[in-house]
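In the UniProt record's numbering, the protein residues as written are 1 to 94.
The beta-carbon is built from N, C-alpha and C at its ideal position, and this holds for glycine as well.
Since the structure is predicted, the reported quantities are computational estimates derived from the model, not experimental observations.
Notes follow the structure.
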Amino acid sequence: MPPKKRGPWSEESLKNALEGIKGDMSVLKVAQQYDIPRRTLRNHLLSGSTVKKLGRRSLLNKNQEAELFNRIFRLAEVGMPITSSSSGECIHLY
Numbered sequence: 001m002p003p004k005k006r007g008p009w010s011e012e013s014l015k016n017a018l019e020g021i022k023g024d025m026s027v028l029k030v031a032q033q034y035d036i037p038r039r040t041l042r043n044h045l046l047s048g049s050t051v052k053k054l055g056r057r058s059l060l061n062k063n064q065e066a067e068l069f070n071r072i073f074r075l076a077e078v079g080m081p082i083t084s085s086s087s088g089e090c091i092h093l094y
């Protein structure tokens, strides 16, 4: 059995679906029309967000991720190998 594809809908269809719900359409009809799960529509209605996000939230922001990447890359260039424990120590600093 092939793996299930998550989030096959686009941000544009999500925006259109939310506009339909804010109009006069029911959530069930909109969910069927745009092929977006009802729970997803409900979550986006409650949060007011139209950005498509899959998976868990990142613990680090983009700047911290870039800083951590640069630090690990510099250590590798110097010849200091990165092990799971040393990478854990680097991450723990944040």
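When C-beta atoms of the region 59 to 70 are compared with those of the region 24 to 42, fewer than three pairs fall below 8 Å, so the two segments do not count as touching. Pairing G48 with L41, the inter-Cα distance amounts to about 10 Å. K15 carries a helical assignment under DSSP once its states are collapsed to helix, strand and coil. Distance from the CA atom of I91 to the CA atom of E65, rounded to whole angstroms, is 10 Å.
Straight-line measurement puts the Cα of K53 at about 28 Å from the Cα of R71.
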